[in-house]
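Numbering (the working numbering), first residue to last: 486 to 827.
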């Protein structure tokens, strides 16, 4: 991929601020076909994968980089750029936020977003959280407000980091600035909600599994939200409360997170219940007719634990066995791809 190889050389010597980039493998130059998701309330049936292609072999380019944030920290990230970037045109950007005690490369493996990005023509970046051991690149957390330690206790400026990262990637890659999206799991889901609350000028929509709103939420623009939650999630219980995980946090209700965003977005219709005709465990609630064309969908899955659905878990002792009958990554991308641009 000559375009991206040239970009990497530029990043090494000419990026604004103290940052560094490195790159690894690249092969095919054949772009994947374009798709778009659909999200409507016109049917009682919910198709979690509408408008998306299944993941394919991620033969695009993997880059790693760092950036110095306003609070003086050197922050790192992993980036996947699909082969479609060579075909010209602007591509959506997905910010994929790992769970507590995870890290970017771990979530890339756990979620499989690279393969979805290759098939569905979007760029995906996996930022790394922080911990209290300088130089340690694993077992990281995010400051989502009420959770999680040590990042929340130290008031790490993760919003400043992600704003600077978005600005960097928009300047250096063919990013469609109207389609900057976020996905997150657990602590990463809580941070994704914080992005919706505090960075709504840049974030169009978020898709999360197992999260809550952890800060006072006053978005300047409506942000569409997809929330997936297992009814057997013991770490962040579906009705709130202190979970069995290591966070020690008394969580608010995940159900309330979706309804609160619907109220903030001025949704006039819903929640409309929809079921998945191929999976009786899945129940969706959809709020529509919202300000700026935004939408809110809350999906529960009977029998699903805290583990990222549809993919092998990294630490089953902490998150439970994964529910394998629904692919969280593809369901999230289906929603995000179908959100109307503001």
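Here a beta-carbon is modelled for each residue, glycine too, at the ideal position from N, C-alpha and C.
{"Check": "Element boundaries [alpha helix (DSSP H), containing residue 678]", "Outcome": "672 to 683"}
{"Check": "Sequence-distant residues of its chain with Cβ nearer than 7 Å to residue 679 (five each side left out)", "Outcome": "629, 630, 644, 699, 700"}
{"Check": "Run of the alpha helix (DSSP H) containing residue 649, from where it starts to where it stops", "Outcome": "643 to 657"}
{"Check": "Through-space distance from residue 649 to residue 819, alpha-carbon basis", "Outcome": "27 Å"}
{"Check": "Coil, strand or helix - residue 766 by DSSP", "Outcome": "strand"}
{"Check": "Pairwise C-alpha distance: residue 642 and residue 670", "Outcome": "19 Å"}
{"Check": "Buried versus exposed call for residue 596 [16 or more other C-beta atoms within 10 Å across all chains shown]", "Outcome": "buried"}
{"Check": "Selection from 776, 778, 761, 777 that minimises the alpha carbon distance to residue 770", "Outcome": "761"}
{"Check": "Heavy atom of the ligand NAP within 8 Å of residue 671 beta-carbon", "Outcome": "For the ligand NAP, the structure offers nothing, since it holds no ligand at all."}
{"Check": "DSSP bridge partner residues for residue 736 (one or two, in chain order)", "Outcome": "726"}
{"Check": "Same chain only: Cβ atoms within 7 Å of residue 726, ignoring 5 sequence neighbours per side", "Outcome": "735, 736"}
{"Check": "Residues of its chain near residue 654, where Cβ-Cβ distance is below 8 Å and the 5 sequence neighbours each way are ignored", "Outcome": "564, 578, 608, 610, 660"}
{"Check": "Nearest candidate by alpha-carbon position, reference residue 775, set 759, 753, 560, 787", "Outcome": "753"}
{"Check": "Option in 783, 759, 574 with minimal Cα separation from residue 529", "Outcome": "759"}
{"Check": "Whole-angstrom C-beta distance between residue 715 and residue 427, which should lie under 8 Å", "Outcome": "It is not possible to answer for residue 427, since the shown part of the chain is limited to 486 through 827."}
{"Check": "Simplified DSSP assignment, three categories, for residue 803", "Outcome": "helix"}
{"Check": "Close Cβ partners of residue 719 (< 8 Å) along its chain, the five nearest in sequence each way excluded", "Outcome": "728, 729, 730, 790, 791, 805"}
{"Check": "Boundaries of the alpha helix (DSSP H) in which residue 757 is found, first to last residue", "Outcome": "Here residue 757 belongs to no alpha helix (DSSP H); instead the beta strand (DSSP E) covers 754 to 761."}
{"Check": "Identity of the residues DSSP links to residue 596 by a beta bridge", "Outcome": "Answer is none; residue 596 lacks a bridge partner."}
{"Check": "Backbone CA spacing between residue 591 and residue 562 [nearest angstrom]", "Outcome": "11 Å"}
{"Check": "Whole-angstrom distance between residue 593 and residue 546, CA atom to CA atom", "Outcome": "13 Å"}
{"Check": "Best match in 587, 553, 599, 606 for proximity to residue 571 [C-alpha to C-alpha]", "Outcome": "606"}
{"Check": "Identity of the residues DSSP links to residue 665 by a beta bridge", "Outcome": "578"}
{"Check": "DSSP-derived helix/strand/coil call for residue 522", "Outcome": "Unreliable placement is indicated for residue 522, whose pLDDT of 37 sits below 50; the coordinate value is still reported in the next sentence. Reduced to three states, the DSSP call for residue 522 is coil."}
{"Check": "Under the three-state DSSP convention, the category residue 588 falls into", "Outcome": "coil"}
{"Check": "Straight-line gap, residue 827 to residue 554 (C-alpha atoms, nearest Å)", "Outcome": "28 Å"}
{"Check": "C-beta contact flag for residue 647 and residue 624 at 9 Å", "Outcome": "no"}
{"Check": "Residue range of the unbroken alpha helix (DSSP H) whose run includes residue 817", "Outcome": "813 to 823"}
{"Check": "Cross-strand partners of residue 603 (DSSP beta bridge)", "Outcome": "Residue 603 is not bridged to any residue."}
{"Check": "Burial state of residue 732, where buried means 16 or more other Cβ atoms lie within 10 Å", "Outcome": "buried"}
{"Check": "Secondary structure of residue 491, DSSP reduced to three states", "Outcome": "With a pLDDT of only 37 at residue 491, under the threshold of 50, the placement of this residue in the model should not be trusted; the figure read from the coordinates follows. The answer is helix: DSSP assigns residue 491 an H, G or I state."}
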